[in-house]
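Novice: Could you have a look at this structure, given as structure tokens, before my questions?
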Amino acid sequence: MKKRIEDLTVTGNSRLAESFFVIKVYSSEGLPEIKPGQFVQALVTESPSTFLRRPLSVHDVDPATNTISLLIQTAGPGTERLSRLTPGEKLNLVYPLGNSFTLPAKGERVLLTGGGCGMAPLLYLGRKISESGVQPHFALGFRNRSRILSHKEFTSLGPVYLSTEDGSEGHRGFVTDIPEFRNEPWDRVYCCGPEPMMKAVAALCRSREIFCEVSLENLMACGLGICLCCVVPTTSGNLCSCTDGPVFNVNDLKWQTSG
Amino acid sequence: MADLRIKIGPMEFRNPVILASGTCGYGAELEDFMDLSELGGIIVKGTTLEPREGNPYPRMAETASGMLNAVGLQNKGIDYFEKNIYPVLAKYDTHVIVNVNGNTIEEYVELSRRLDLLTAIPAIELNISCPNVKKGGMIFGTNPASAREVIAAVRKVYHKTLIVKLSPNVTDITEFARISEGEGAEAVSLVNTLLGMAIDASTMKPKLSTVTGGLSGPAIKPVALRMVWQVARAVRIPVIGLGGIMNAEDAIEFILAGATAVQVGTVSFINPRSGTEIVNGIEKYLVEKEFDSVSRITGIINRN
């Protein structure tokens, strides 16, 4: 799919939880095909200390209205500015970027797991999996009850198993502590979240020989494979997480040791 | 219409805008955003004899009006380049230049000799200014005797256009430009990145795995512009100016200071079609100022 640079129009901005926002943007040119796992590079204006674009996960896509939902967690002046976008403003994107998750075959049992802002791409992935005729299950982890994101949207696609670190909702602990995760015979696990979580999920999947793909969120400059800054060590050497990823099969990554 | 053509050695360029090495991959990565044939040329990724993995992650830190990188010349080596990349590059309708690196003079020479044989590569950019490698790179470009030795050795085996990329991390950059000219280079390009560093106060750790890295972006533009102006007055060979160019106006400033051509680098990370936008912006400027060619404004500030 051809990448493009385009001014999209903000049509909505809703705060999901403390420091988490969903920005909806509309393409007057008509959206290109966007695959689950792909991301955008957003230009931040009116933030003098922000020099580079900000990579954002595609949370959801509505082809009928040519609208993309982008999940943003504020972490500094750049994302702060993005969180204050108001309907009618333009947001310049370079997109769609990166590879995508591998969709399951019919009849496979699939679990989509993630935590915090990292679960952003799992909603759109779940939607695509559901459209392909496979039932997605979700195991989502959050710090506490007030940090739970997009619960209603996930529930509309399939069973959701929750964990919170303080036990204020769902299972107390991390996603890997959720009984359904540990005990059900999953054929595929897709994961996006903080690195310690992904490593723990990868270790669990490897020990049970479950196909597992993770989506990395490495620090990047270009998103196009030209700066070579976002590399990840793999069995094929250092690869760009922006173009060779962000989705990798855990067996190709060289972080198998811990977890 | 204004005439944008410029000459470097025996080469004629369609216009003075060239994509800088390490910021345009091998060209194909930017083809969705622009027509490479609308550019003066592209300088592809820094290449070495042997494959290199580069430095460990993290290799990048955003800074005020710029960024630090510590990539460390990650590339697949000349064998892979000849077999898999060169056939693609040979089809481009723009000048494709290769940025040449080595740990030793022998490696620079051997790589240059191999590239001399590739007919679709009309020039090399001798990189004696990479700040992110333990051997070679900037070590050659910050010592006059070493610079002279490596340029002279490459000149003996390389028969096409030789551009020497200079480091700004020296006391007097004109000395290195004069050495390049004296050893027979057709042009110099400057500046490579400025050595810098960044620390994360919250984790109390350096932001780069290598601690130090190369600073690029608008933060370095005034320094680069000053050095281009100094070098343009010190040598007769063409100067290719780079360092923090974000738009046509920045590029024009380098040309007014004495640059025959410019390279567009870090801005491609933010606006991947900036190369052709800058070409169009330079032409518009010339038309508005009623100059019939870009050569009429080259070094204009030095003429009185």
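Going down the list, the protein sequences come from chains A and B.
Following my numbering, the residues of the first sequence are numbered contiguously, the last one being 255.
Following my numbering, the residues of the second sequence are numbered contiguously, the last one being 570.
C-beta: ideal position from N, C-alpha, C; glycine also.
Can you pull the chain B residues whose beta carbon is under 8 Å from the beta carbon of A:Arg260, in chain order?
Specialist: The requested residue 260 of chain A is not part of the displayed model; chain A covers only -3 to 255.
Novice: Answer with yes or no whether the minimum CB distance from B:Asp298 to chain A is below 7 Å.
Specialist: It does: the Cβ of B:Asp298 has a partner Cβ on chain A nearer than 7 Å.
Novice: Considering only their Cβ atoms, is the gap separating B:Thr478 from B:Leu461 smaller than 7 Å?
Specialist: Yes.
Novice: Is any beta-carbon of chain B found at less than 7 Å from that of A:Ala199?
Specialist: Chain B contact via Cβ: absent.
Novice: My output table needs one value for B:Arg280: the three-state DSSP class, helix, strand or coil.
Specialist: B:Arg280 falls in the coil class under three-state DSSP.
Novice: Can you name the residues that DSSP bridges to B:Asn335?
Specialist: Paired residue(s): B:Met326 and B:Gly480.
Novice: Assuming A:Phe97 and A:Ala135 are in contact, meaning their beta carbons sit under 8 Å apart, how far apart are those beta carbons, in whole angstroms?
Specialist: Wrong, their Cβ atoms sit about 16 Å apart, outside the cutoff.
Novice: Looking at C-alpha atoms only, which residue of B:Thr427, B:Ala464 and B:Glu278 is the closest neighbour of B:Glu452?
Specialist: Closest by alpha carbon: B:Thr427.
Novice: Output needed for B:Val457: all residues of its chain with C-beta closer than 6 Å, excluding positions within five of it in sequence on either side, in chain order.
Specialist: So the qualifying residues of the chain are Pro434, Ala490, Met493 and Gly509.
Novice: Can you name, in chain order, every residue of its own chain whose Cβ lies under 7 Å from the Cβ of A:Asn214, other than the five neighbours on each side?
Specialist: Cβ neighbours of A:Asn214 beyond the five flanking positions: Cys226, Val228 and Ser237.
Novice: May I ask you to report which of helix, strand or coil DSSP gives A:Asp3?
Specialist: In the structure shown, A:Asp3 sits in a strand (DSSP, three-state: E or B).
Novice: A:Leu224 CB to nearest chain B CB: under 7 Å?
Specialist: Yes, because at least one Cβ of chain B sits closer than 7 Å to the Cβ of A:Leu224.
Novice: Please work out which residues of its chain come closer than 6 Å, Cβ to Cβ, to B:Arg280, disregarding the five sequence neighbours upstream and downstream, and give them in chain order.
Specialist: Cβ within range, chain order: Gly306.
Novice: Just by C-beta distance, which residues in the stretch 323 to 355 of chain B are closer than 7 Å to chain A?
Specialist: Of all residues in the stretch 323 to 355 of chain B, Tyr323, Pro324, Arg325, Met326, Glu328, Ala330, Ser331, Gly332, Met333, Asn335, Val337 and Gln340 have a Cβ within less than 7 Å of some Cβ in chain A.
Novice: Return the CA-CA distance between A:Asn256 and B:Ser378, expressed in angstroms with no decimal places.
Specialist: Because chain A is modelled from -3 through 255, residue 256 of chain A falls outside the range shown and cannot be assessed.
Novice: Measure from the alpha carbon of B:Ala330 to the alpha carbon of each residue in A:Leu93, A:Ala60, A:Glu29 and A:Thr46, then state which is nearest.
Specialist: It is A:Thr46.
Novice: Taking only three categories from DSSP, how would you classify B:Met267?
Specialist: Coil at B:Met267, not helix or strand.
Novice: Against chain A, with Cβ distances strictly below 7 Å, would B:Glu556 count as a contact?
Specialist: No, B:Glu556 lies away from the interface with chain A (no Cβ there is under 7 Å from its Cβ).
Novice: Give me the residue from A:Pro32, A:Pro59 and A:Leu87 with the minimum Cα distance to A:Asn9.
Specialist: Checked all of A:Pro32, A:Pro59 and A:Leu87; the closest Cα to A:Asn9 is A:Leu87.
Novice: As a quick exercise: from B:Met463, B:Thr289, B:Ser303 and B:Thr542, pick the residue whose alpha carbon is nearest that of B:Gly312.
Specialist: The shortest Cα separation from B:Gly312 among B:Met463, B:Thr289, B:Ser303 and B:Thr542 belongs to B:Thr289.
Novice: Can you pull out the residues from the stretch 204 to 225 of chain A whose beta carbon lies closer than 7 Å to at least one beta carbon of chain B?
Specialist: Going along the stretch 204 to 225 of chain A in chain order, one finds Asn214, Leu215, Ala217, Cys218, Leu220, Gly221, Ile222, Cys223, Leu224 and Cys225 with a Cβ nearer than 7 Å to chain B.
Novice: Does the beta-carbon of A:Pro100 have 16 or more other beta-carbons within 10 angstroms, so that it is buried, or is it exposed?
Specialist: Flag for A:Pro100 reads buried.
Novice: Apart from the five residues just before and just after B:Ala500, which ones in its own chain have a Cβ nearer than 8 Å to its Cβ?
Specialist: Cβ neighbours of B:Ala500 beyond the five flanking positions: Thr440, Ala443 and Arg444.
Novice: Along the stretch 140 to 155 of chain A, what residues have a CB closer than 7 Å to any CB found in chain B?
Specialist: Listed in sequence order: no entries.
Novice: Below 8 Å on the Cβ atoms is my guess for A:Leu48 versus B:Ile521; work out the distance and round it to an integer in Å.
Specialist: Not a contact, Cβ separation roughly 27 Å.
Novice: Taking DSSP's pairing of strands, which residues face A:Gln37 in a bridge?
Specialist: DSSP, once it has assigned bridges, lists A:Pro51 and A:Val90 as partnering A:Gln37.
Novice: Applying the criterion that 16 or more other CB atoms from any shown protein chain within 10 Å of the CB defines a buried residue, is B:Ile567 buried or exposed?
Specialist: Exposed: under 16 other Cβ atoms inside 10 Å.
Novice: Can you list the residues of chain A that B:Thr289 reaches, using a CB-CB cut of under 9 Å?
Specialist: By Cβ distance, chain A contributes Cys218, Ile222 and Cys223.
Novice: Would you tell me roughly how many angstroms separate the C-alpha atoms of A:Gly255 and B:Gly291, rounded to the nearest one?
Specialist: Its pLDDT being 38, under 50, A:Gly255 is placed unreliably in this model, and the value from its coordinates should be taken loosely. C-alpha separation (whole angstroms): 35 Å.
Novice: Spell out whether any CB of chain B is found under 7 Å from the CB atom of A:Asn234.
Specialist: It does: the Cβ of A:Asn234 has a partner Cβ on chain B nearer than 7 Å.
Novice: If the cut is a Cβ gap below 8 Å, which residues of chain B does A:Ile68 touch?
Specialist: By Cβ distance, chain B contributes nothing, its closest Cβ being about 17 Å from A:Ile68, past 8 Å.
Novice: Against chain A, with Cβ distances strictly below 7 Å, would B:Glu295 count as a contact?
Specialist: Yes, B:Glu295 lies at the interface with chain A (some Cβ there is under 7 Å from its Cβ).
Novice: Does A:Lys(-2) have its Cβ less than 7 Å from a Cβ in chain B?
Specialist: Chain B, which has a Cβ nearer than 7 Å to the Cβ of A:Lys(-2), makes this yes.
Novice: Note down the Cα distance separating B:Ile548 from B:Gln340, rounded to an integer number of angstroms.
Specialist: Answer to the nearest angstrom: the Cα atoms are 33 Å apart.
Novice: Go through the stretch 421 to 490 of chain B residue by residue and report every complete run of the alpha helix (DSSP H) that reaches 4 residues or more, in order.
Specialist: For the stretch 421 to 490 of chain B, whole alpha helix (DSSP H) runs of length 4 or above, ordered along the chain, are 439 to 448.
Novice: Name the DSSP bridge partner or partners of B:Val366?
Specialist: For B:Val366, which the question treats as bridged, DSSP gives the partners B:Thr313 and B:Leu392.
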